[in-house]
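Enquirer: Once you know that position 53 of the sequence shown is 1071 in our numbering, the rest is easy, because the numbers rise by one and skip nothing.
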Amino acid sequence: LLASKRLTHIITYDTIIENYPKISTLIHQIIDPTICIALISRQEDIIEPNKWTNTNKPLIASEYICQVTKYFQDNSINPDQYYLDKITRSSEAFLINTNKYLLADAVVQTGKTIQENNLRIWNIIISKGQIHIGLYEYFN
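1. Should L1153 and I1029 be called a contact, given that it needs their Cβ atoms to be closer than 8 Å?
2. Based on the DSSP secondary-structure assignment, which residues constitute the bridge partners of A1124?
3. Can you list, in chain order, the residues of its chain with a C-beta nearer than 6 Å to that of T967? Leave out the 5 residues immediately preceding and following it.
4. Contact defined as beta carbons within less than 8 Å: I believe E1164 pairs with I1105. What is the distance between those atoms, to the nearest angstrom?
5. Taking only three categories from DSSP, how would you classify D1103?
6. For Y1100, does the count of other Cβ atoms within 10 angstroms reach 16, so buried, or fall short, so exposed?
7. Tell me whether the beta-carbon of A1056 lies closer than 8 Å to the beta-carbon of A1124.
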């Protein structure tokens, strides 16, 4: 909506802004201490990145492409050894409704939804207290 100039200001998380072209200026931000971003999986799935190869690539549902890519880089997981599918919202549905995906990223507050859907947190990408919510303004 900012890019189309239908809105001039938006309140959102920095993790969202980082995944789109730079078209805004940060006006003000505060830390949201209640949420983290995690990679989640089905309870029964065994996640073994050391077994991922160019011919055995897992499919990962991701709304936070930049953050997941950085997490994998920081953990020496080669980008040639996985596929990221860009998604929006309800990431747990990609694990519940199909077996195509091995992992999905998700914003986690209490973890209740994850537990209710027989899912688990595999790894934390961004810890609680490191995500900011901010007011952003469109710039020309």
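Virtual Cβ for every residue (Gly too), placed ideally from N, Cα, C.
Everything numeric in this text was worked out from a predicted model, so none of it was measured.
Expert: The short version:
1. Start at 1 with the first residue of the sequence shown, and residue 1153 comes out as number 135. Start at 1 with the first residue of the sequence shown, and residue 1029 comes out as number 11. Yes. Within cutoff.
2. Numbered from 1 along the sequence shown, position 106 holds the residue referred to as residue 1124. A1124 is bridged to A1056.
3. Since the first and last residues shown for the chain are 1019 and 1158, residue 967 lies out of range.
4. As shown, the chain starts at 1019 and ends at 1158. That puts residue 1164 outside it, with no answer to give.
5. Taking the sequence shown and counting its residues from 1, the one referred to as residue 1103 is at position 85. D1103: strand per DSSP, three-state reduction.
6. For the purposes of this step, residue 1100 is taken as the residue at position 82 of the sequence shown. Per the 10 Å Cβ criterion, buried.
7. Residue 1056 sits at position 38 when you count from the first residue of the sequence shown. Residue 1124 sits at position 106 when you count from the first residue of the sequence shown. Yes, the pair counts as a contact, with Cβ atoms nearer than the cut-off.
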